[in-house]
Amino acid sequence: MTEICKKAQSQLKYKPGERELFSYRKFAVERLRSDYDEIIKVANCIVDEVKEYETLLLFIDKIKVLDSEEPLKTQMNIGKNIFCEAVIDKWDRVIVKLFDDVYAELTLRRAEDFITKKIELLNERAAFYEREAHSIRARMHLILSSVKQLESL
Numbered sequence: 048m049t050e051i052c053k054k055a056q057s058q059l060k061y062k063p064g065e066r067e068l069f070s071y072r073k074f075a076v077e078r079l080r081s082d083y084d085e086i087i088k089v090a091n092c093i094v095d096e097v098k099e100y101e102t103l104l105l106f107i108d109k110i111k112v113l114d115s116e117e118p119l120k121t122q123m124n125i126g127k128n129i130f131c132e133a134v135i136d137k138w139d140r141v142i143v144k145l146f147d148d149v150y151a152e153l154t155l156r157r158a159e160d161f162i163t164k165k166i167e168l169l170n171e172r173a174a175f176y177e178r179e180a181h182s183i184r185a186r187m188h189l190i191l192s193s194v195k196q197l198e199s200l
């Protein structure tokens with residue numbers, strides 16, 4: 048069978064307008080779904096970062112009430128919830144991630160101020176991505192419900 052015959056047969060399978068409905072459905076399912084998944088991944092990464100900053104803020108609040116002359120014995124998360132024993136000799140300062148791979152050694156007071164502001168900014172960013180995800184989800188629903196209504200005609 049020649050290419051022209053195959054193409055003609057494939058076109059006969061669709062009623063008038065079905066091809067357009069199929070392309071709308073495909074767009075909603077494939078393209079918008081992938082956009083939605085990407086937005087959700089970004090939002091989840093931001094939420095995870097907020098949790099890390101909140102953990103550090105909680106740690107700072109707890110060590111502020113202790114005597115800074117004695118070494119501090121603690122357990123430290125070295126990744127993937129694997130902990131090891133640690134002794135901190137000098138703990139009037141902490142190292143804080145500012146952004147990407149940039150870190151700074153800050154006093155407890157300064158770190159507390161920075162972390163509080165950083166958490167606010169990250170929460171705003173996470174809320175933005177969640178709104179975008181809801182918007183994409185609404186577009187998907189609108190397109191799919193419109194296609195369904197057109198098919199029933």
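With the sequence shown counted from 1, adding 47 to any position gets you our numbering. Backbone N, C-alpha and C fix where the C-beta goes; we use that ideal spot for every residue, glycine too.
Going by DSSP, I93 is part of the alpha helix (DSSP H) stretching over 80–111. When the five nearest sequence neighbours on each side are left out, the beta carbons in the same chain lying within less than 6 Å of the beta carbon of V141 are those of A158, in order along the chain. The C-beta distance from D136 to P118 rounds to 5 Å, short enough to meet the 8 Å contact threshold. For K144, the enclosing beta strand (DSSP E) starts and ends at 140–146. In the DSSP annotation of this structure, E152 is not part of any alpha helix (DSSP H); the continuous beta strand (DSSP E) holding it starts and ends at 149–154. In this structure, DSSP gives I135 an extended state, which the three-state scheme calls strand. At least 8 Å separates the beta-carbon of V97 from that of A174. Apart from sequence neighbours up to five positions away, the residues of its chain that approach D82 with a beta-carbon distance below 6 Å are I183, ordered along the chain. With three or more CB-CB distances shorter than 8 Å, the region 161–173 counts as touching the region 91–109. K73: not part of any beta strand (DSSP E); member of the alpha helix (DSSP H) spanning 65–73, first to last residue.
With a threshold of 16 other beta carbon atoms within 10 Å, K164 falls short and is exposed.
When C-beta atoms of the region 83–90 are compared with those of the region 100–109, fewer than three pairs fall below 8 Å, so the two segments do not count as touching. Counted as a single uninterrupted DSSP element, the stretch harbouring N128 is not any beta strand (DSSP E), since DSSP gives it neither H nor E.
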